[in-house]
Amino acid sequence: MTKFFFYNNRKPRKFNYKPILFDPDEDARKERLQNRINSVKREMGVLSEEEVKEKKDFKAEFVSQTKHLKKRHDRVESGGNSFISNNGILIIFVIILIAVFFFWLLK
464 MTKFFFYNNR KPRKFNYKPI LFDPDEDARK ERLQNRINSV KREMGVLSEE
514 EVKEKKDFKA EFVSQTKHLK KRHDRVESGG NSFISNNGIL IIFVIILIAV
564 FFFWLLK
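Under our numbering, the first residue of the sequence shown carries the number 464, and numbering increases by one thereafter.
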């Protein structure tokens, strides 16, 4: 049997997968080309407004369809909440503690 030593442990192999069929440069090039073609079609009037609306951004469409993400997006857009509204209970608790402390000292 072998002994277990803390200083001579072998590390596990790292995950080093390189996809064969995926090329991010090619995908970016195709997307730029498609955007350019769509902008030319829009300028020429070939692409209708309905087709433009169909090609919305997936993220924006997904956020608009989910309640919790929509609320979060609206809260971020409005500027968030103030310090007092976020920590209201804590502030009230501290005020009560201070009041009890002073009343206890005055007795």
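For every residue, glycine included, the Cβ atom is placed at its ideal position computed from N, Cα and C.
The model shown is predicted, which means the values in this text are computed figures rather than measured ones.
What are the boundary residues of the alpha helix (DSSP H) that includes Asp488?
487-507
Identify whether Lys477 lies in helix, strand or coil by the three-state DSSP scheme.
coil
With Lys533 and Ser527 assumed to form a contact (beta carbons below 8 Å), what rounded beta-carbon distance in angstroms separates them?
6 Å
Would you tell me roughly how many angstroms separate the C-alpha atoms of Met507 and Gly551, rounded to the nearest one?
57 Å
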